[in-house]
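Quick note on numbering: numbering that gives the first Met the number 0 labels position 64 of the sequence shown as 63, and the sequence is numbered without any gaps.
Ideal Cβ positions, reconstructed from N, Cα and C, are used throughout, including at glycine.
Please read all numbers here as calculations on a predicted model, not as lab measurements.
First the structure, in the form of structure tokens, and then the observations on it.
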Amino acid sequence: MTFELLGSDIFGYENLLTAPEQEAILKLRAYLDQEIRPIANGCWERAEFPAQIIKPLAELGVYSFGWDETKPFTNSAVFRGFAALELARVDASVATFVGVQNGLSAGSIAACGSAEQRAEWIPRLASGEIVGAFGLTEPLSGSDAAQGLRTTATRTGDTWTLNGAKRWIGNATFSDVTIIWAKDTADNQVKGFIVPTDTAGYSATKIEGKISLRTVQNADITLTDVVVPESLRLQNANSFKDTAKVLRATRAEVSWAAVGNAIGAYDAAVAYSKKREQFGKAIGGHQLVQDLLVKSLGNITASLGMVVRVSQLQDEGVQRDEHSALTKAYTTSRMRESVAWCRELFGGNGVTLEYNVARHFADAEAIYSYEGTQEMNTLIVGRTITGQAAFV
């Protein structure tokens, strides 16, 4: 197959990919178009996750690419970003599932686990043998997780007892393990734990009634005297600074997903503009419609430049918190504008699932909010600019 640039990539950023990277993107693109696109709206409407896609995605390598233990070939963070973009371009819910399985679950173990923990758990997550979740957010603690975490961990000999609650935890209704972040009652520092979900005292309840990312299975988690061995404590997670290492990488990946979601809406709008006729011709021939498309493409192009660069900084080993925070804040804002413009182009048809744009429009709201809100990412960058923290 010949690699073709996305129509929305007018500056040709995909030309930065190596031949093996382009081949992998082509295989992923084909699978998403053939297997995910036809079922995406139905799963979203029913709020059901299609479990049959877990293993095929593993075979395509989407949980494997970033880890020394499992990557099938040498690849770049830019390539992994384009993989996230391709997922979100078709279905942001599937992109979110992969982000939790790969970036947050395996990423926590990669960043904070011992060599033995990496060797045991990363291949199992990469192969799709087990499903992972990431438990940081709580009912009363979201943006203030660094200081406001209420879930506790108490050590007794070689075991830890966890008590507390988590909220908005993706994949958690069917995960095999969940990375739980809790405050050590001895030193008040945040620690991480690999918690098998069949452990006594662990329960997860699906959150119903969502208007965004409906296919993602978010849950409320309750931890009541959950006992885990010291061997399941992430050995290199000693404070929230270590948790932040995980979020630094995943915020960049979420930024790629934001661009992909915007492209999904844009692709739908371009196709619609060529076939929908009003006033005697296709609406794509009207000036105001072209204005909506051009503004959307401008946002996508600017955002692509930013996500490519932040991933290059990751490859160079110099990516900092403010880099990923600024990227997440900017790209999700531009995504939100773009999906609204694209939905507007459809008129009344833009509020039905039939044309896909409504799903991208609704899913933008969750992407805008998770992995650090607009406000928190703004304050991270503002601290860098001014040298003063303004979080409270």
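{"Asked": "Cβ-heavy atom distance, residue 61 to the ligand PLP, below 7 Å", "Found": "Of the ligands one can find in the structure shown there are none, so the ligand PLP has no counterpart to examine."}
{"Asked": "Cβ shell of residue 366 (< 7 Å), same chain only, five flanking positions each side left out", "Found": "91, 253, 256, 257, 260, 331, 334"}
{"Asked": "Of the listed residues 355, 168, 189, 345, nearest to residue 144 (C-alpha basis)", "Found": "189"}
{"Asked": "Helix, strand or coil at residue 277 according to DSSP, with G and I counted as helix", "Found": "strand"}
{"Asked": "DSSP-derived helix/strand/coil call for residue 167", "Found": "strand"}
{"Asked": "Neighbourhood of residue 337 by C-beta, 8 Å cutoff - its chain only, sequence neighbours within 5 removed", "Found": "261, 264, 265, 294, 295, 298, 299"}
{"Asked": "Touching by the beta-carbon criterion (3+ pairs, under 8 Å), the region 126 to 133 and the region 92 to 102", "Found": "yes"}
{"Asked": "Whether residue 376 touches residue 339 by CB criterion (8 Å)", "Found": "no"}
{"Asked": "With 16 other Cβ atoms within 10 Å as the buried cut-off, status of residue 165", "Found": "buried"}
{"Asked": "Local Cβ density within 10 Å of residue 139, reported as buried at 16 or more and exposed below that", "Found": "exposed"}
{"Asked": "Under 8 Å between C-beta atoms of residue 196 and residue 177", "Found": "yes"}
{"Asked": "Which listed residue (304, 324, 387, 352) has its alpha carbon closest to that of residue 9", "Found": "304"}
{"Asked": "For residue 297, the three-state DSSP class (helix, strand or coil)", "Found": "helix"}
{"Asked": "Helix, strand or coil at residue 201 [DSSP, three-state]", "Found": "strand"}
{"Asked": "Member of 232, 353, 58, 341 whose CA lies at the smallest distance from the CA of residue 124", "Found": "58"}
{"Asked": "Residue range of the unbroken alpha helix (DSSP H) whose run includes residue 362", "Found": "356 to 368"}
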